[in-house]
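Peer 1: What follows is a single structure, and I will ask about it in a moment.
Residue numbers (the working numbering): 9 to 187.
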């Protein structure tokens with residue numbers, strides 16, 4: 009399978025997505041920054057899809073702010089790991105993760121991955137026009153070291169109750185904002 013690695017990338021002020029990745033393989037973003045993308049058109053700052061394969065998604069020390077759509081739009085069938093991201097002041101959700109890939113015909117969650125948001129860097133989901141963080145997963149969901157405030161809807165929205173597939177949801181409140 010293909011692997012996509014983006015490191016030390018800045019993609020600002022684009023008419024569509026700042027970063028758009030569609031692959032069946034693993035995706036790793038490190039130090040990727042997308043600001044003020046598609047302010048008028050509603051595209052996402054960072055858009056990653058790898059639902060046609062077995063690849064995982066890992067994002068570290070990255071930021072997507074002031075986009076017309078979602079800050080991060082992530083679709084996968086496997087694990088999604090996030091450590092130290094910022095998703096602030098976006099026109100829709102700050103971060104949208106779907107690794108369930110619900111099939112309405114069979115009423116089943118097709119994905120089998122987990123979602124982990126934490127690590128040693130703080131995660132920030134604030135001032136977004138929808139949810140700060142929205143997760144759809146049939147696997148385990150673990151959140152730590154995060155702040156989600158001043159969003160128009162929920163700070164954190166997790167859907168994890170699919171027929172035949174659901175995992176534990178663990179939330180550790182370890183983030184202390186700087187004063």
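Even glycine gets a Cβ: it sits at the ideal position worked out from N, Cα and C.
So what does DSSP say about residue 170, is it helix, strand or coil?
Peer 2: Along the chain shown, read from residue 1 onward, the residue named residue 170 stands at position 162. If DSSP states are grouped into helix, strand and coil, residue 170 belongs with the strands.
Peer 1: Considering only their Cβ atoms, is the gap separating residue 75 from residue 53 smaller than 8 Å?
Peer 2: Here residue 53 is taken as the residue at index 45 of the chain shown, counted from 1. Here residue 75 is taken as the residue at index 67 of the chain shown, counted from 1. Yes, these two residues count as a Cβ contact at 8 Å.
Peer 1: Going by alpha carbons, who is nearest to residue 106 out of 20, 166, 43, 177?
Peer 2: To locate residue 106, count along the chain shown from 1; it is residue 98. Residue 166 is the option with its Cα nearest to residue 106.
Peer 1: Indicate the three-state DSSP secondary structure (helix, strand or coil) for residue 85 in the structure shown.
Peer 2: Within the chain shown, numbered from 1, the residue matching residue 85 stands at position 77. Looking at residue 85 - three-state DSSP - the assignment turns out to be coil, as it is neither helix nor strand.
Peer 1: Rounded to whole angstroms, what's the CA-CA distance from residue 149 to residue 21? Just pull it up for me.
Peer 2: Residue mapping note: residue 149 aligns to position 141 of the chain shown, counting from 1. Residue mapping note: residue 21 aligns to position 13 of the chain shown, counting from 1. Cα to Cα, residue 149 sits roughly 33 Å from residue 21.
Peer 1: According to DSSP, simplified to helix, strand and coil, what is residue 48?
Peer 2: Residue mapping note: residue 48 aligns to position 40 of the chain shown, counting from 1. If DSSP states are grouped into helix, strand and coil, residue 48 belongs with coil.
Peer 1: Could you check where the beta strand (DSSP E) with residue 124 kicks off and where it finishes?
Peer 2: Mapped onto the chain shown, residue 124 falls at position 116. Its beta strand (DSSP E) spans residues 123-125.
Peer 1: Using a Cβ-Cβ cutoff of less than 6 Å, which residues in the same chain neighbour residue 140 once the five nearest sequence positions on both sides are dropped?
Peer 2: Taking the first residue of the chain shown as 1, we reach residue 140 at position 132. The answer, listed in chain order, is 102, 133, 156, 159, 163.
Peer 1: If you check the beta carbons only, do residue 84 and residue 58 fall under 8 Å apart?
Peer 2: One-based indexing of the chain shown puts residue 84 at position 76. One-based indexing of the chain shown puts residue 58 at position 50. Yes, they are a contact pair.
Peer 1: Using a Cβ-Cβ cutoff of less than 6 Å, which residues in the same chain neighbour residue 31 once the five nearest sequence positions on both sides are dropped?
Peer 2: The count along the chain shown starts at 1 and reaches residue 31 at position 23. Only 10, 12, 58 meet the Cβ criterion.
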